[in-house]
Amino acid sequence: MTRLQRKHYINNGYGALSWFLTLDHKRIALLYLITATLFFALGGAFAIAIRLELLTPAGDMVQSETYNKMFTMHGIIMVFFFLIPAIPAVLGNFLLPIMIGARDMAFPKLNLASWYIYMLGGLFTFVAMALGGVDTGWTFYTPYSSTYANSQVIITALGVFITGFSSILTGLNFLVTIHTMRAPGMSWFRLPLFVWAHYAASLIMVLGTPVVSITIILVALERLFHLGIFDPALGGDPILFQHLFWFYSHPAVYIMILPAMGVMSELIATFSRKRIFGYSFVASSSLAIAVLGFLVWGHHMFVSGQSMYAGLVFSILSFLVAIPSAIKVFNWLATLFRGSISLQTPMIYAFGFIGLFTIGGLTGLFLACLAVDVHVHDTYFIVAHFHYIMVGGVIMAYLGGIHYWWPKITGRMYPEWWGKFSAVVIFIGFNLTFLPQFVVGYLGMPRRYHFYPEEFQILNVLSTAGASILGIGYMIPLFYLVWSLRYGKVAGPNPWNAKGLEWTIPSPPPTENFDGTPEVTEEAYNYGTNHA
Amino acid sequence: MSTHTHAHQFDTPQQQHQATRLGMWAFLITEVMLFSGMFVAYILYRTWYPEAFIEGSSHLDVMLGTINTLVLISSSFTMVLAVHAAAEGKKQAIQKNLVLTLVLGLVFLGIKAVEYSHKFHDHLVPGPNFAHEGIHGGHLQLFYSLYFAMTGTHAFHMIIGMGLLVYLFIRAGKGAFNKDHTAVELVGLYWHFVDLVWIFLFPLLYLLGRHL
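These protein sequences, in sequence, are chains A and B. The first sequence maps to residues 1 to 532 in this note's numbering. The second sequence maps to residues 1001 to 1212 in this note's numbering.
Have a look at this one:
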């Protein structure tokens, strides 16, 4: 398979060290791509184990203690090691400098350091697993985590703490890069919406992550040195932990979904060949989500005993987040209207996102409603809700983005038929997994138990069947994407005929991205009449 | 690369300077958020248990705390002098002031260590060895938990800062700041921030509500 003799970022240097010591944002993105995929596989394996256990009403496959560790590890790995870094650290890292016309991030060494920090956090998590795992749930609620749990809380907490720094550094790098590295002519309102979304997500990473870091450290100190900040025996308040935890961990959902929405805007514009309808509204709604996202954490605590009035305020504020989210969805739909739509694989993922995100978002309104939340709190209803956002939303957009930019990243096309096929399999598998969970949760099946009453079995069997389809759906791209590295059709610089600086340079891009500093003279998504 | 005054990803030295400064300020914001978690806990428990907190601070050594405050403020002053010297490219003056800052930092940590050892000696460290006659036992442990968590995190930041001072000292010896002294400026920002945290910690832990 001979091909281009040209130098690009992949053949610019060989050997392990040229990768492990690289300062090129594109190579760092690939390091993240590989490791995040491994974490995803591991987190997915735990999910499959959980679904297998729930195939039958009796808790017959594993002990309840083991089950607790399985869902804890599933949550910790998926949240902290896959969903939070996935889109920003892989696609964001690769594309953000190119999209604004820069040669690299503002701080390339910091960028590489954040990958190593991420790996170190992962190492701690692996060590914790090897020593028996942790059973507190990914939320580390006190006083169970600080006083009673007999599992590897300290090591896991340190792992999460360390990984948090990787996230902080990535966000900081993005913020500074967007502020100071834009090419001449790339004004704020010419930025691709992908960049706006990452800007908003970076604000959350920088402002929120330190809070969860110190909170988790306080839990670790409580276990290590018997400090008693959340210890009710000393008059400390375990609910304070929940406040501090959710102050970050609710906005963390927006760290995941905002970059996904950024990917969506790119996909919708390219595959309907239109400028995004209401560009400035979509851009500013990202910021609105980031700001409002910091004011709604109390909706995780409606039944924690927090003040009724706090509950009321948090409920109202939570409803408000629906507004900027809906602005995005409606503007995407308006973009599709009379667009020249082509149903390539990335666009199928984009449609999947719209459907699943809408269901996830609307059920979020159920949960923001105080009275309904009391009924469905800690049931499978909420499990289904957040999986619709975090898996149905984020992973659909992530995979859509991977397919869309695959030719840019690797220089080769993925096989289109297989792409479409797996996108459909994933969509079906996902819905079969999580739709029944809405029902079973509404009927009262609580989360985090490894046995359940027999009348819930049929819905659980459906869900497990869906999970196996979903698992297969996720595996197919792994095969054909690797296959395409060697046998895929050579893509050329702009296979989608798309706008955006990343499509003006060769695929794969040269190490320095651009020959000189590019000059930007037009709006983003300026499809105009050229390709009507 | 060493022939250039700026890294390859930047177009101009000005752009690099702007980016690194913004990066440092953004980092300091993350630091504010890090400490804010503990300040929230402090405000909450102080509101709930005012007597225990007053009792707790009455066991802290105000004299040592005051000396330490003066030491830190002086170290901020010498740090400013170091940055100033760097801006003027005076190698000896940079190094002299970095050493002064470092020494003041060491004095601060030394005094802090003395204070900590007194607390160990008086059984005021939370945990199984905590012993105190009085009605506020549990709540007093909360106060000392916060005291150790907050001053400990602060001291940890001091240690990092002192590592950075040593790094600057070595680099200054090689004449690294003749053309571009941004690094000194950034460490200066960090050092002032760490001082500023203490300026909040000192009244909250040592002074507030105390009747001398």
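Even glycine gets a Cβ: it sits at the ideal position worked out from N, Cα and C.
Next item on the list: Count the other CB atoms, across all protein chains shown, that sit within 10 Å of the CB of residue 1198/B; report buried if there are 16 or more and exposed otherwise.
Entry: The count along the second sequence starts at 1 and reaches residue 1198/B at position 198. It counts as buried.
Check: So what's residue 412/A in DSSP terms, helix, strand or just coil?
Finding: The sequence position of residue 412/A within the first sequence is 412, counting from 1. It is a strand residue.
Item checked: Straight-line gap, residue 429/A to residue 129/A (C-alpha atoms, nearest Å) -> For this step, residue 429/A is matched to residue 429 along the first sequence. For this step, residue 129/A is matched to residue 129 along the first sequence. Distance between the alpha carbons of residue 429/A and residue 129/A is about 29 Å.
Note to self: For a quick check, are the C-beta atoms of residue 384/A and residue 456/A less than 8 Å apart?
What the structure shows: Looking up residue 384/A in the first sequence gives position 384. Looking up residue 456/A in the first sequence gives position 456. Result no, Cβ atoms of residue 384/A and residue 456/A do not sit closer than 8 Å.
Check: Between residue 214/A and chain B, is there a C-beta pair that is closer than 8 Å?
Finding: What you label residue 214/A is simply residue 214 of the first sequence in a count that begins at 1. Yes, its Cβ sits closer than 8 Å to a Cβ of chain B.
Next item on the list: Let me know the secondary structure DSSP gives residue 1047/B once reduced to three states.
Entry: Sequence index remark: in the second sequence, residue 1047/B carries index 47 (1-based). Note: residue 1047/B maps to helix in three-state DSSP.
Next item on the list: Using beta-carbon positions only, say whether residue 264/A and residue 200/A come within less than 8 Å of one another.
Entry: Mapped onto the first sequence, residue 264/A falls at position 264. Mapped onto the first sequence, residue 200/A falls at position 200. No. Outside cutoff.
Notebook entry, point to check: Would residue 169/A pass as a contact of residue 258/A if the rule is Cβ separation under 8 Å?
Noted result: As a first step, residue 169/A must be located in the first sequence, where it is residue number 169. As a first step, residue 258/A must be located in the first sequence, where it is residue number 258. Result no, Cβ atoms of residue 169/A and residue 258/A do not sit closer than 8 Å.
Notebook entry, point to check: Sorted by chain position, which residues of the same chain lie with C-beta nearer than 7 Å to residue 314/A's C-beta, five sequence neighbours on each side aside?
Noted result: Mapped onto the first sequence, residue 314/A falls at position 314. Excluding residues within five positions, the ones whose Cβ falls inside 7 Å are 296, 298, 299.
Checklist line | Interface residues of chain B facing residue 313/A [CB-CB closer than 7 Å] | finding: Walking along the first sequence from the start, residue 313/A turns up at place 313. Correct list: empty, because the minimum Cβ distance to chain B is about 17 Å.
Checklist line | Delimiting residues of the alpha helix (DSSP H) encompassing residue 25/A | finding: Stepping through the first sequence from its first residue, residue 25/A is reached at position 25. Counting along the chain, the alpha helix (DSSP H) containing residue 25/A begins and ends at 25–53.
Notebook entry, point to check: Run through DSSP, which three-state label would residue 56/A get?
Noted result: Locating residue 56/A in the first sequence gives position 56, where the first residue counts as 1. Coil, per DSSP.
Check: Between 14/A, 46/A, 32/A, 35/A, which lies nearest to residue 538/A when the distance is taken from Cα to Cα?
Finding: The structure shown does not extend to residue 538/A, since chain A spans only 1 to 532, so no value can be given for it.
Note to self: Classify residue 417/A: buried if its beta carbon has 16 or more other beta carbons within 10 angstroms, exposed otherwise.
What the structure shows: Sequence index remark: in the first sequence, residue 417/A carries index 417 (1-based). When all chains shown are included, residue 417/A counts as exposed.
Check: Is any beta-carbon of chain B found at less than 8 Å from that of residue 157/A?
Finding: Residue mapping note: residue 157/A aligns to position 157 of the first sequence, counting from 1. So, not an interface residue.
Next item on the list: May I have the straight-line CA-CA distance separating residue 209/A from residue 245/A, to the nearest angstrom?
Entry: Looking up residue 209/A in the first sequence gives position 209. Looking up residue 245/A in the first sequence gives position 245. Using only the alpha carbons, I get a separation of about 10 Å.
Margin query: Less than 7 Å separating the Cβ of residue 36/A from some heavy atom of the ligand FAD?
Written below: The ligand content of the structure shown is nil, which means the ligand FAD is not present either.
Check: Who are residue 537/A's beta bridge partners in DSSP?
Finding: The question about residue 537/A has no answer here: the residues shown for chain A are numbered 1 through 532.
Notebook entry, point to check: Could you give the distance in angstroms between the alpha-carbon of residue 331/A and the alpha-carbon of residue 260/A?
Noted result: Here residue 331/A refers to the residue found at position 331 when the first sequence is read from its first residue. Here residue 260/A refers to the residue found at position 260 when the first sequence is read from its first residue. Rounded to the nearest angstrom, the two C-alpha atoms are 15 Å apart.
Margin query: Does any residue of chain A have a CB that is nearer than 8 Å to the CB of residue 1113/B?
Written below: Locating residue 1113/B in the second sequence gives position 113, where the first residue counts as 1. No - not a single Cβ of chain A is within 8 Å of the one on residue 1113/B.
Notebook entry, point to check: Can you name the residues that DSSP bridges to residue 379/A?
Noted result: By 1-based counting over the first sequence, the position of residue 379/A is 379. Paired residue(s): 446/A.
Next item on the list: Could you check the C-alpha separation between residue 1109/B and residue 1196/B for me, to the nearest Å?
Entry: Here the question's residue 1109/B lines up with position 109 in the second sequence. Here the question's residue 1196/B lines up with position 196 in the second sequence. Roughly 16 Å between the two C-alpha positions.
Margin query: To test your reading of the DSSP string, which unbroken alpha helix (DSSP H) runs of 4 or more residues are found completely within the stretch 268–335 of chain A?
Written below: 279–293
Check: So the alpha helix (DSSP H) residue 1138/B belongs to, where does it begin and stop?
Finding: Taking the second sequence and counting its residues from 1, the one referred to as residue 1138/B is at position 138. Note, residue 1138/B: alpha helix (DSSP H), 1137–1173.
Note to self: One question on the structure: do residue 162/A and residue 107/A come within less than 8 Å of each other, judged by their Cβ atoms?
What the structure shows: Counting from one through the first sequence, the residue named residue 162/A turns up at place 162. Counting from one through the first sequence, the residue named residue 107/A turns up at place 107. No, the pair does not count as a contact, with Cβ atoms beyond the cut-off.
Next item on the list: Under 9 Å between beta-carbons, which chain A residues line up against residue 1138/B? List them in chain order, please.
Entry: Position 138 of the second sequence, counted from the first residue, corresponds to residue 1138/B. Per Cβ cutoff of 9 Å: 228, 231, 233, 234, 235, 236.
Note to self: Contact criterion: CB-CB distance below 8 Å. Does residue 514/A meet it with respect to chain B?
What the structure shows: Within the first sequence, residue 514/A is the residue found at index 514, counting from 1. It does not; no Cβ of chain B falls within 8 Å.
Checklist line | Whole-angstrom distance between residue 334/A and residue 525/A, CA atom to CA atom | finding: The residue you call residue 525/A lines up with position 525 of the first sequence. The residue you call residue 334/A lines up with position 334 of the first sequence. Looking at the two C-alpha atoms, the distance is approximately 15 Å.
Checklist line | As assigned by DSSP and simplified to three states, the class of residue 187/A | finding: Within the first sequence, the letter at position 187 stands for residue 187/A. Coil, per DSSP.
Check: Name the chain A residues whose beta carbon is nearer than 8 Å to that of residue 1029/B?
Finding: Sequence index remark: in the second sequence, residue 1029/B carries index 29 (1-based). Result: 206, 207.
Next item on the list: Please list, in chain order, all residues of the same chain as residue 166/A whose beta carbon is under 6 Å from its beta carbon, the five residues on each side excluded.
Entry: Residue 166/A sits at position 166 when you count from the first residue of the first sequence. Excluding residues within five positions, the ones whose Cβ falls inside 6 Å are 114, 117, 118.
Notebook entry, point to check: How long is the line joining the alpha carbons of residue 1101/B and residue 1187/B, rounded to whole angstroms?
Noted result: Translated into the one-based positions of the second sequence, residue 1101/B becomes position 101. Translated into the one-based positions of the second sequence, residue 1187/B becomes position 187. So the alpha carbons of these two residues sit roughly 12 Å apart.
Next item on the list: Can you tell me which of the three DSSP states residue 1202/B falls into?
Entry: Walking along the second sequence from the start, residue 1202/B turns up at place 202. Residue 1202/B falls in the helix class under three-state DSSP.
Item checked: Residue closest to residue 1173/B, alpha-carbon to alpha-carbon, out of 1093/B, 1060/B, 1009/B, 1026/B -> In the second sequence, counting from the first residue as 1, residue 1173/B sits at position 173. Closest by alpha carbon: 1093/B.
Check: Whose C-beta lies closer than 7 Å to the C-beta of residue 1201/B among residues of the same chain, with five residues either side of it excluded?
Finding: Reading the second sequence from its first residue, position 201 is the one you call residue 1201/B. So the list reads 1150, 1151, 1154, once near-sequence residues are dropped.
Next item on the list: May I ask you to list, following chain order, the residues of the stretch 1099–1131 of chain B that have a beta carbon less than 7 Å from some beta carbon of chain A?
Entry: 1126, 1127, 1128
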